[in-house]
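Visitor: In full-length UniProt numbering, the protein residues as written are 1 to 201.
Mind looking over this structure? Questions follow.
Have a look at this one:
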């Protein structure tokens with residue numbers, strides 16, 4: 001799925017006049033591909049291969065989150081797929097057998113922020129604990145911290161997250177815990193304008 005996300009990158013970002021992604025309108029078979037991935041994820045869960053199911057569902061959700069739909073009818077099939085993938089991710093993230101990496105946290109939060117489907121980044125207690133641990137530790141790199149903060153701000157703007165000012169401050173403090181390039185400083189400053197009451201630098 002990750003390879004396909006790269007393969008379809010041009011079509012994923014291209015939107016037809018009606019508002020739908022070209023990859024949805026053209027006979028790419030992406031809907032059937034997503035359904036096969038969901039079926040595969042279910043089989044992996046049934047076989048107790050929770051980490052493999054988590055990775056497969058995460059990759060599919062990342063691909064799906066890039067799609068755009070001009071009408072409710074166009075979105076209907078894909079909305080059901082998103083909900084199924086979200087259930088698999090939430091269930092498998094709760095398993096001790098699943099390793100929740102920083103990249104998985106970032107990818108799923110960015111997917112929840114980006115997707116046209118109404119959703120929240122709540123994916124279970126164990127996943128949330130992984131999120132909280134990354135925020136507290138300041139993330140591995142400035143880029144990771146910035147990407148998470150950008151997803152955080154986007155979720156707030158789209159009314160998919162309603163955090164306290166203290167939580168937003170902690171997210172930005174993680175960014176400030178790293179040396180930032182000039183470009184990263186500009187991105188951080190842009191974020192501050194989206195997070196009222198949060199002061200950093």
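The beta carbon of each residue, even a glycine, is placed where N, CA and C say it ideally should be.
Look at residue 82 and residue 108 and say whether their C-beta atoms are less than 8 Å apart.
Guide: No.
Visitor: Within the continuous alpha helix (DSSP H) that includes residue 50, where are the two ends?
Guide: Its alpha helix (DSSP H) spans residues 50-65.
Visitor: Could you give the residue range of the alpha helix (DSSP H) that holds residue 90?
Guide: Run containing residue 90: 72-93, per the alpha helix (DSSP H) assignment.
Visitor: Taking the continuous alpha helix (DSSP H) assigned at residue 131, which residues delimit it?
Guide: Run containing residue 131: 125-137, per the alpha helix (DSSP H) assignment.
Visitor: What is the C-beta distance between residue 44 and residue 32, in whole angstroms, given that I count them as a contact (C-beta under 8 Å)?
Guide: Residue 44 to residue 32, Cβ: 19 Å. No contact.
Visitor: With a CB to CB cut of under 6 Å and the five nearest residues on each side skipped, what residues in its chain are close to residue 61?
Guide: Closer than 6 Å at Cβ, skipping near neighbours: 85, 111.
Visitor: Go to residue 187, then tell me how far its alpha helix (DSSP H) extends in each direction, as first and last residue.
Guide: 182-192 is the extent of the alpha helix (DSSP H) around residue 187.
Visitor: Is the distance from the Cβ of residue 89 to the Cβ of residue 57 below 8 Å?
Guide: In this structure, residue 57 lies closer than 8 Å to residue 89 by Cβ.
Visitor: Would you say residue 14 and residue 21 are within 8 Å of each other, going by their C-beta atoms?
Guide: Cβ atoms of residue 14 and residue 21: closer than 8 Å.
Visitor: Can you check which of these residues, 142, 161, 157, is closest to residue 186 by C-alpha distance?
Guide: Taking only the C-alpha atoms, the option nearest residue 186 is 142.
Visitor: Taking C-beta to C-beta, are residue 194 and residue 172 nearer than 8 Å?
Guide: Going by C-beta atoms, residue 194 is not nearer than 8 Å to residue 172.
Visitor: Starting from residue 173, trace the alpha helix (DSSP H) both ways and give me its first and last residue.
Guide: Segment 165-176, the alpha helix (DSSP H) holding residue 173.
Visitor: Alpha carbon to alpha carbon, how far is residue 182 from residue 147?
Guide: Approximately 16 Å between the Cα atoms of the pair.
Visitor: Which same chain residues end up closer than 7 Å to residue 139 when comparing Cβ atoms and leaving out the 5 residues on each side of it in sequence?
Guide: Here the set comprises 102, 145, 148, 174.
Visitor: Taking DSSP as the reference, what is the three-state secondary structure of residue 20?
Guide: DSSP places residue 20 in coil when its eight states are reduced to three.
Visitor: So, is residue 131 buried or exposed, given that buried needs 16 or more other C-beta atoms within 10 angstroms?
Guide: Buried: at least 16 other Cβ atoms inside 10 Å.
Visitor: Under the rule that 16 or more other beta-carbon atoms within 10 Å means buried, what is residue 104, buried or exposed?
Guide: Flag for residue 104 reads buried.
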